[in-house]
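Since the structure comes first, as structure tokens, the remarks are kept for the end.
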Amino acid sequence: NAGVTQTPKFRVLKTGQSMTLLCAQDMNHEYMYWYRQDPGMGLRLIHYSVGEGTTAKGEVPDGYNVSRLKKQNFLLGLESAAPSQTSVYFCASSYGGAGTEAFFGQGTRLTVV
Amino acid sequence: QKEVEQDPGPLSVPEGAIVSLNCTYSNSAFQYFMWYRQYSRKGPELLMYTYSSGNKEDGRFTAQVDKSSKYISLFIRDSQPSDSATYLCAMSGVQGAQKLVFGQGTRLTINP
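Chains as they are written, first to last, in our numbering: chain G, 1 to 113; chain Z, 1001 to 1112.
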């Protein structure tokens, strides 16, 4: 059972380049989330989805877009990368809403130079 | 002011010590309180979960929630080197999607 899988694990981008991070889960979870983790800041929610075809903004959505075309996949896009987006990105999923366990992927380390 | 405050440490203790990790919060709507453990270069994993106030024990781990003081704690008894990790408190309200609010995380090292 793979759980939550993120692709890629590492990436270096130049300022202004675009990229897409892929998150796939095989647990048939309805809810999926994208977080970023920065030193001293904990995990901050970027965008989330409560089901296929739905997305919503989290705490720090600016500069990112997401799509949930299939239930098992949640994509995070950076249209024009900036150095401030250098971070570790985590995808998570849960079977329900508030109070249910979130399962995290292994993270994507992104550096924007 | 952040909704959830957690001392980032780092915290270093000898093997066998009792460890106390704490978080304070400001949002009285929080009802679900969790502790996640994150090993280096890995994703967080749920360690303890508490609904509303009270204590919960699981082996060497005890989670406490004091809603009147807006204060939660995680105690680790007989700490082991394998407990060395970053511990993140997280909490959410009762409605809608699980929009967890995380503390900054405390980096813990247990020395043999």
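Idealized CB from N, CA, C, for every residue including glycine.
- A contact is defined here as three or more CB-CB pairs under 8 Å, and the segment 48-62 of chain G fails this definition with respect to the segment 75-85 of chain G.
- At the C-beta level, G/V12 and G/F103 stay beyond 9 Å of one another.
- The three-state secondary structure of Z/P1014, taken from DSSP, is strand.
- Only those residues of the segment 1077-1105 of chain Z whose C-beta falls short of 7 Å from the nearest C-beta of chain G are listed: L1088, S1092, G1093, V1094, Q1095, G1096, A1097, Q1098, K1099, L1100, F1102, G1103, Q1104 and G1105.
- Cβ atoms of Z/P1008 and Z/R1107 come within 8 Å of each other, at about 7 Å.
- If you draw a straight line from the Cα of G/T20 to the Cα of G/W34, it comes to about 12 Å.
- The residues Q1006 and P1008, in chain order, have a CB closer than 7 Å to that of Z/Q1104 in the same chain once the five nearest residues on each side in sequence are set aside.
- DSSP places G/S80 in the coil class of the three-state scheme, outside both helix and strand.
- Going by beta carbons, Z/L1074 and Z/M1048 fall inside the 9 Å limit.
- Restricting attention to Z/I1110, Z/S1053 and Z/P1014, the CA atom closest to the CA of Z/S1028 is found in Z/S1053.
- Taking all protein chains in view, the Cβ of Z/Q1080 is surrounded by fewer than 16 other Cβ atoms within 10 Å, so the residue is classified as exposed.
- Of all residues in the segment 41-53 of chain G, the ones placed with a Cβ closer than 8 Å to any Cβ belonging to chain Z are M41, G42, L43, R44, L45, Y48 and V50, in chain order.
- Under DSSP, the beta-bridge partners assigned to Z/Y1025 are Z/V1004.
- Linking G/F90 to Z/E1057 through their CA atoms gives a straight-line distance of about 28 Å.
- Apart from the 5 residues on each side of it in sequence, Z/P1112 sits with its Cβ closer than 7 Å to the Cβ of E1015 and P1081 in its chain, given in chain order.
- Going by DSSP, Z/N1055 is part of the beta strand (DSSP E) stretching over G1054 to D1058.
- Among the CB atoms of chain Z, none fall inside 9 Å of the CB of G/F74.
- DSSP places Z/D1066 in the uninterrupted beta strand (DSSP E) bounded by F1061 to D1066.
- Listed by position along chain G, the residues whose Cβ is nearer than 8 Å to that of Z/P1008 are G40.
- Between G/Y35 and chain Z, the shortest Cβ-Cβ separation is below 9 Å.
- Comparing C-alpha distances from Z/Y1071 to each of Z/A1090, Z/R1037, Z/L1046 and Z/G1096 shows the shortest one belongs to Z/A1090.
- The beta carbon of Z/K1042 sits closer than 9 Å to some beta carbon of chain G.
- For G/V88, the uninterrupted beta strand (DSSP E) run begins and ends at S87 to S94, by DSSP.
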